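Note sheet for the following structure.
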Amino acid sequence: METDDNNVRIGAKLEKSVLQTLRGFCDARGENISTVIRRSIRRELASHSYLSDSEKKALGVETDDGQ
Numbered sequence: 001m002e003t004d005d006n007n008v009r010i011g012a013k014l015e016k017s018v019l020q021t022l023r024g025f026c027d028a029r030g031e032n033i034s035t036v037i038r039r040s041i042r043r044e045l046a047s048h049s050y051l052s053d054s055e056k057k058a059l060g061v062e063t064d065d066g067q
């Protein structure tokens with residue numbers, strides 16, 4: 001794994017069709033793949049209550065108090 005101050009580079013395997021869909025999604029939104037993947041991982045963690053309520057709220061995930 002390659003690191004800098006706060007970031008660590010990791011690798012992952014995706015099916016070719018998923019990568020093509022992801023590229024199209026990113027192009028349509030004007031975002032890069034890394035940004036979309038980071039946000040997706042954070043949303044998944046938030047949905048399983050691994051992040052704080054304020055982080056959940058910022059990601060648009062329902063908080064423990066129903067907001």
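In full-length UniProt numbering, the protein residues as written are 1 to 67.
Each residue gets a CB set at the ideal place from its N, CA and C atoms; glycine is no exception.
Owing to the predicted nature of the structure, the values given are computational and were not obtained by experimental measurement.
Test item: CB-CB of residue i and residue j under 9 Å
{"i": "Phe25", "j": "Val36", "result": "yes"}
{"i": "Ile33", "j": "Arg42", "result": "no"}
{"i": "Ser49", "j": "Asp64", "result": "yes"}
8 Å CB neighbourhood of residue i in its chain, flanking five on each side removed
{"i": "Arg39", "result": "Leu59"}
For residue i, the three-state DSSP class (helix, strand or coil)
{"i": "Val36", "result": "helix"}
{"i": "Glu2", "result": "strand"}
{"i": "Val8", "result": "strand"}
{"i": "Glu44", "result": "helix"}
{"i": "Val18", "result": "helix"}
Own chain partners of residue i with C-beta closer than 6 Å, once the 5 adjacent residues on each side are dropped
{"i": "Leu45", "result": "Leu51"}
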